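Chemist:
In the working numbering, the protein residues as written are 2 to 188.
(1) Quick one: Cα of residue 79 to Cα of residue 55, how far?
(2) Which residue comes first and which comes last in the beta strand (DSSP E) that contains residue 62?
(3) Three Cβ pairs or more, each shorter than 8 Å: is that satisfied between the stretch 44-61 and the stretch 88-104?
(4) Among 83, 124 and 44, which one has its Cα closest to the Cα of residue 23?
(5) Residue 130 by DSSP, collapsed to three states: which one?
(6) When burial is assigned at 16 or more other CB atoms within 10 Å of the CB, is residue 136 buried or exposed?
(7) By alpha-carbon positions, which one of 120, 139 and 76 ends up nearest to residue 129?
(8) Residue 91 by DSSP, collapsed to three states: which one?
(9) Answer with buried or exposed for residue 1, where buried requires no fewer than 16 other C-beta atoms within 10 angstroms of its C-beta.
(10) Just tell me which of 12, 114 and 17 has its CA closest to the CA of residue 64.
(11) Taking C-alpha atoms, which residue in 145, 112 and 108 lies nearest to residue 126?
(12) Among the candidates 111, 141 and 120, whose CA atom is the shortest distance from the CA of residue 40?
(13) Taking Cβ to Cβ, would you say residue 143 is nearer than 8 Å to residue 120?
(14) Output the boundary residues of the beta strand (DSSP E) element that contains residue 70.
(15) Among 123, 93 and 153, which one has its Cα closest to the Cα of residue 147?
(16) If you draw a straight line from the C-alpha of residue 88 to the C-alpha of residue 75, how long is it?
(17) I'd like the span of the alpha helix (DSSP H) that includes residue 104, first residue to last.
(18) Nearest-angstrom Cα distance between residue 97 and residue 109?
(19) Three-state secondary structure (DSSP) at residue 44?
(20) For a test of the three-state rule: what should DSSP assign to residue 53, helix, strand or coil?
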């Protein structure tokens, strides 16, 4: 886990042998012109050293943490990348929606850097994609050699609300402009 502030693990602590949290650096200190900010802000030598201490396979949860894939200390390890979406497409969409010119430029630059970074990662490790659409995009647009569909594990496959009617269950971050825009459309 990466954090800006230390937090308690709560309930998880009783199920895990050990848990680590690594500091996430703030803008602009980790900014690199060749790496996406969401990746460069999560580079941690402590994480690499902890992972290099054993030979277990590594599941990288999200492109944000994928910088470790190219680290020499982990050469020869079985590493898998679970993508949550095609980040470069998401950041390009944020750029199109943004009115502030500085933020708009950031989103478009991040999208450009993410596309190149995702392409490199897709060539190096197997991908687990949360949707079949993302799996196909990863193969077609990123040239992924091994992209597989692996749905989200949420423990729920259906729900019952008690009576008939019109219901809407919404899960999302309404602080994001793209989420507010998409949630304002009615079906």
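All C-beta atoms, glycine included, are put in the ideal place defined by N, C-alpha and C.
Every value quoted in this text rests on a predicted model; they were computed, and no experiment measured them.
Modeler: Based on what the coordinates show:
(1) 12 Å
(2) 59-62
(3) no
(4) 44
(5) strand
(6) buried
(7) 139
(8) helix
(9) Coverage of the chain is limited to positions 2 through 188, which leaves residue 1 absent and any answer about it impossible.
(10) 114
(11) 145
(12) 111
(13) yes
(14) Residue 70 -> no beta strand (DSSP E), and no H or E assigned at all.
(15) 123
(16) 24 Å
(17) 102-125
(18) 8 Å
(19) coil
(20) helix
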